[in-house]
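For what it's worth, full-length UniProt numbering labels the leading residue of the sequence shown as 1, then goes sequentially. Just so it is clear, CB atoms sit at the ideal spot from N, CA and C, and this is done for glycine as well. Being a predicted model, the structure only gives us computed values, none of them experimental. Let me begin by presenting the structure, written as structure tokens, before commenting on it.
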Amino acid sequence: MEGTSSWDFAAADPCDSLFSAAHFTCGFRCDAYDHAGLARVTDVSLDAAGYSGSLSPSVWSLPYLQTLDANENRLSGRIPSLPPSASLLQLRRVALSRNAFSDEIPAGNFPSLEELYLDGNRLSGSIPASTASLPSLRRLELQMNNLSGGIPDLRSMAVLTYLDASDNAISGPLPPASSLPASLVELSLRNNALEGTLPPALVAGLPKLQVLDLSHNRLSGRVPSALFSHPALEQLTLSHNRFTSLQSPGWWRPPADGGGSELVAVDLGHNRLGGTLPLGWVGAMPRLTALTLENNRFSGMIPTEYAMRVASSYRAGSGGGAGVSPLARLVLAGNYLYGPIPGPLTGVKEGEATVSLANNCLFHCPKTFFFCHGGHQKQPTVCRGFNPVIP
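Here it is, written out as structure tokens:
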């Protein structure tokens, strides 16, 4: 397909008479009129049709532009910078996902921009500090690029609800809560090079957060207990890090008023978490339906309460309380859990739930139970070497 570099918007507006319906209308909308009553371009939207070439800087010369959408094409080169004197006061959406743009993210004066999609390109450099000067931005997608450096101070972005910078090379510690907008609902920094601890203050400083994905990084230390009593958090993914323990509040119990944790899915797999599985922990998360703790260093016996949340009798409503969800997924494989299989699990049929107890230190886990599939139990010498109390 023809490259967009041949579109000289500065020389000719696609909405004037030169570009009539018989000549050039594909991808353009002209829903605004200037003071002279002339139609002006408001939308430039290209289908995913393999358009190649570069993006012409003259696209920023359309003062009435509201939407620029060229997702899933083959556009390359640098995203043109907005001239210092220009200001696109009506631009609300820029979508350039899944192209081949490279170089750094340009700065620009876009006071009304609400959505910015730059994911799936080859952008490099750091996330510019000027990003914080987009006061109306609600959604920022930067995943699947080659971005590096740290997360800039974004506290001034008072309406930002969605930030995804996954699958980059962002490094350093997690940003402090004071540098992130309290409006965030979803935060994903998966598959980067972040290191250090996960401060409890970061969690407390984001009261509206519903989805947090920090998996595939180098985070270490304790997993804060504040995550499990957060008033809004529903999905927590911290897998493939270096966490060593769960910070305990001293006790876990369901809140008497039926409030408390909103967590539905928790994935802490592939860390270095040790100790016993916390008693009362599952009960303190009444909406929880998926718990993944595989490939850690947990030891001790599997608490009966974990099994009860999975068991068929519980799923029928005879084992819990009002408003308590059954566990449809419980993955404990690859730990050092020992003892017998909890009785309630033996009545669970394959297809009723996803359960895995493989590669532990259980006394007897026959293949007749579906949750024993996927690997043998560890050798007794390995289990005794990790936990001498195992006979």
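Would you grab the beta carbon distance between residue i and residue j for me? Rounded to a whole angstrom, and I think it's under 8 Å.
i           : j    : result
L202        : S239 : Their Cβ separation, rounded to whole angstroms, is 18 Å, which puts L202 and S239 out of contact at 8 Å.
L75         : S54  : 7 Å
I154        : L187 : The sequence given here places Leu at residue 154; Ile does not occur at that position. In fact, because the Cβ distance is near 11 Å, the residues do not count as touching under 8 Å.
I127        : A165 : 7 Å
E262        : A232 : 6 Å
T244        : L198 : 12 Å between Cβ atoms; not a contact.
residue 399 : L68  : This structure does not reach residue 399, given that the chain is present from 1 up to 391, and the question cannot be answered.
In the DSSP assignment, find the unbroken alpha helix (DSSP H) run with residue i in it and report its ends.
i    : result
F386 : 380-386
Y162 : Unbroken run through Y162 is the beta strand (DSSP E), 162-164; no alpha helix (DSSP H).
A265 : From DSSP, A265 is part of no alpha helix (DSSP H) but of the beta strand (DSSP E) over 265-267.
T237 : Unbroken run through T237 is the beta strand (DSSP E), 235-237; no alpha helix (DSSP H).
T304 : 304-310
Restricting to Cα atoms, I'd like to know which of the options is closest to residue i.
i    : options                : result
S102 : N146, L236, L137, C365 : N146
V266 : I302, T304, R242, R329 : R329
P173 : E195, V185, S179, S126 : E195
T354 : T381, L134, A290, V382 : A290
M157 : L65, P344, S133, L189  : S133
G347 : F369, G334, D167       : F369
P57  : G77, D43, Y51          : G77
S325 : N296, P286, E294       : P286
V382 : G334, L96, L142        : G334
Tell me where the beta strand (DSSP E) around residue i begins and ends.
i    : result
Y338 : 336-339
E222 : What sits at residue 222 in the sequence shown is Arg, not Glu. Taken as a continuous stretch (DSSP letters only), the beta strand (DSSP E) holding R222 covers 218-223.
E352 : Counting along the chain, E352 falls outside any beta strand (DSSP E), and DSSP gives it neither H nor E.
E186 : 186-188
A204 : Segment 200-204 is the alpha helix (DSSP H) holding A204; no beta strand (DSSP E) there.
V211 : 211-213
Do the CB positions of residue i and residue j come within less than 8 Å of each other?
i           : j    : result
L327        : I341 : no
T292        : V331 : yes
residue 404 : V310 : Here the chain covers residues 1 to 391 and nothing more, so residue 404 does not appear.
A182        : G205 : yes
L113        : S136 : yes
S148        : S171 : yes
L88         : Y117 : no
So, at 7 Å on beta carbons, what are the nonlocal neighbours of residue i in its own chain, with the 5 sequence-adjacent residues on each side left out?
i    : result
C365 : I341, L357, C372, Q377
Q90  : Y64, L65, Q66, S112
M144 : D119, G120, D167
Under 8 Å Cβ to Cβ from residue i, same chain only, skipping five residues before and after it: list those, please.
i    : result
L337 : L277, F298, S299, G300, M301, I302, L357, N360, C361, L362
What residues in its chain sit with their C-beta under 6 Å from that of residue i, if we drop five residues either side in the sequence?
i    : result
T237 : D213, S215, D267
N217 : N192, L194, N241
V185 : T161, K208, Q210
N99  : N73, L75, N121
G339 : M301
P152 : I127, A129
A21  : Here A21 scores only 42 on pLDDT, less than 50, and its place in the model should not be relied on; the value that follows carries that caveat. Cβ within range, chain order: n/a, list empty.
I79  : F101, P106
S318 : The predicted model places S318 with a pLDDT of 46, which falls under 50 and marks its position as unreliable; any figure quoted below should be read in that light. Result list for S318: empty, nothing under 6 Å.
S81  : P106
G108 : L82
A177 : A201, L202, G205
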